[in-house]
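Residue numbers (this note's numbering): 731 to 1175.
Here it is in structure tokens:
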């Protein structure tokens, strides 16, 4: 059994007119230690939301006195940012998809497995908790760093996470850069009976310094006792570190001297961009460690294999950018959506975000068009845009965004005779955001 309140004071509102479904779900949430409230219709839900203290809404899309769409629209107006997950029968899936595109977190089709919905709720609550405690914004519950997709492979991952609730076996997460391996590791942790324990991440590329990071009184191994240790990469692990990890995954719990805690009471999760079999074949990974880590394996498919998720991610990224001080645009044109769905995106969600930042900076209309999403390689080929090149003659998305921002800011300052308020308004950003960009680029009014 988890801590009585694994997510602190985070509270869930369940809006469902079917008494059996509503009571069954709220009872299960309470059994999991998750505070919850319930409403049988739109009016009751509105009354509860008016009282505040709700952190996640789970709502049926069909209600006796209205609809989940009406509830979502009310929340968007009065409590923007409050995450909503929709429950829907097959006939209403199109409505649910439209609401997800408008900003709802996700939807689940009826009939659903209770474990699957609880896993989804646990995942979102864990990410909200992380986001509130993570000033760097590494974990964003609305985006999920690439994990919150609708592709069948992502649904299978969610179901697997739900089944791992009472399992402490090592987990191996394999996926390309920018797919959210760390986020997935956190989700496994939050959905497990170790959710109230620590989640400790270590950088596997530290080389010889890694053994020092692991050991010692304040080392990662000591800090992770009772929780989860996440190793972000297997490639390049020194042999002595591999031996330590092998001992951890093999050995039964042992009592530390005077510590009163089992030194080996740690779940190991490892991530890898390269396929572990290649590391094994090239002698960079011990075979005994591989077989002990490969007990439970999760492979995250790249975005190019799930194009149905790209546009949904793009819409959410644009919302995130607007909330972060970038220009508020009307969204993507149908042609832009088609172009996005056909992109290869080897950098996955990270590359998609950078591409959209560049598009927002360069867009001269009210919404992003297909030509705003021109890949940098194509932009370079015409030889006419120096800001898309680095000193090595190679283009990077980061350089393009920064170059475009500097040019846009300088031109706007000239056009508005150095007036900060007018310049910020012309650029569609806040004055604070404009000052921050000017300081970063060394621009003076």
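We treat Cβ as the ideally placed atom computed from N, Cα and C, and that holds for glycine. Note that the coordinates shown come from a computational prediction; the quantities given were computed from them, not determined experimentally.
| Check | Outcome |
| --- | --- |
| Note down the Cα distance separating residue 924 from residue 959, rounded to an integer number of angstroms. | 11 Å |
| Exposed or buried, what is residue 914 when buried is set at 16 or more other beta-carbons lying within 10 Å of its beta-carbon? | buried |
| Looking at the structure shown, is residue 1060 part of a helix, part of a strand, or coil, going by DSSP? | coil |
| In the DSSP assignment, find the beta strand (DSSP E) that holds residue 817 and state where it starts and stops. | 814 to 818 |
| Assuming residue 697 and residue 1057 make a contact with CB atoms under 8 Å, what is their CB distance in whole Å? | Examination of residue 697 is not possible in this model, given that the chain is present from 731 through 1175 alone. |
| Can you check whether the CB of residue 1002 is closer than 7 Å to the CB of residue 964? | yes |
| For my contact list, residue 1103 and residue 1066 are in at a C-beta cut-off of 8 Å; report their separation, rounded to the angstrom. | 6 Å |
| With respect to the alpha helix (DSSP H) encompassing residue 741, which residues constitute its N-terminal and C-terminal limits? | Looking at the DSSP string, residue 741 is not in any alpha helix (DSSP H), and its letter there is neither H nor E. |
| Among 788, 853 and 1055, whose alpha-carbon lies nearest the alpha-carbon of residue 887? | 853 |
| Does the beta-carbon of residue 1153 have 16 or more other beta-carbons within 10 angstroms, so that it is buried, or is it exposed? | buried |
| In the DSSP assignment, the alpha helix (DSSP H) including residue 1090 goes from what residue to what residue? | 1078 to 1092 |
| Between the Cα of residue 1087 and those of 1135, 1063, 912 and 1075, spot the shortest distance and give me the residue it belongs to. | 1135 |
| With DSSP collapsed to three states, give me the class of residue 825. | helix |
| Given this structure, state the Cα-to-Cα distance separating residue 1046 from residue 980, to the nearest angstrom. | 42 Å |
| Pair every Cβ in the segment 1034 to 1048 with every Cβ in the segment 1067 to 1087, then say whether three or more of these pairs are closer than 8 Å. | yes |
| Buried or exposed: where does residue 970 fall if 16 or more other Cβ atoms within 10 Å of its Cβ makes it buried? | exposed |
| Specify the secondary structure class of residue 768 as computed by DSSP and reduced to three states. | strand |
| Verify whether the separation of the beta carbon atoms of residue 953 and residue 928 is less than 7 Å. | yes |
| Starting from the Cα of residue 894, find the closest Cα among 808, 846, 940 and 956 and give me that residue. | 846 |
| Could you tell me which of 784, 770, 785 and 973 sits nearest to residue 797, measuring between CA atoms? | 770 |
| Over what stretch of residues does the alpha helix (DSSP H) that includes residue 754 continue unbroken? | 749 to 761 |
| Using CA atoms only, rank isn't needed, just tell me which of 1149, 1139 and 1019 is closest to residue 1167. | 1139 |
| Name the two residues that bound the continuous beta strand (DSSP E) containing residue 898. | Looking at the DSSP string, residue 898 is not in any beta strand (DSSP E), and its letter there is neither H nor E. |
| Quick check: is any heavy atom of the ligand PLP less than 6 Å from the C-beta of residue 903? | Absent from the structure shown: the ligand PLP. Ligands present: none. |
| Is it true that the CB of residue 747 sits closer than 7 Å to the CB of residue 794? | yes |
| Roughly how many angstroms separate the alpha carbons of residue 868 and residue 858, rounded to a whole number? | The predicted position of residue 868 is uncertain, since its pLDDT is 35 and thus under 50; a value taken from the coordinates is nonetheless stated next. Cα to Cα, residue 868 sits roughly 11 Å from residue 858. |
| Count the other CB atoms, across all protein chains shown, that sit within 10 Å of the CB of residue 909; report buried if there are 16 or more and exposed otherwise. | buried |
| Tell me which residue opens and which closes the alpha helix (DSSP H) that residue 970 is part of. | 969 to 980 |
| So which of 1029, 996 and 998 has the shortest CA-CA distance to residue 1004? | 1029 |
| For a cutoff of 7 Å on Cβ pairs, would you count residue 1138 as touching chain C? | No chain C appears in the structure shown, which is made up of a single protein chain. |
| Do residue 967 and residue 1000 have their CB atoms nearer than 7 Å? | no |
| Does DSSP put residue 1043 in a helix, in a strand, or in coil? | helix |
| Between the alpha carbons of residue 985 and residue 897, how many angstroms are there, rounded? | For residue 985, the predicted structure reports a pLDDT of 39, less than 50, and the residue's modelled location is therefore unreliable. A value from the coordinates is still provided. Residue 985 and residue 897: Cα-Cα distance of roughly 21 Å. |
| If we ignore side chains and look at the alpha-carbon of each, how far apart do residue 1123 and residue 1084 end up? | Residue placement at residue 1123 cannot be trusted, given a pLDDT of 38 that sits under 50; what the coordinates show is reported in the next sentence. Roughly 19 Å separates the two Cα atoms. |
| Considering residue 836, what are the terminal residues of the beta strand (DSSP E) in which it resides? | 836 to 839 |
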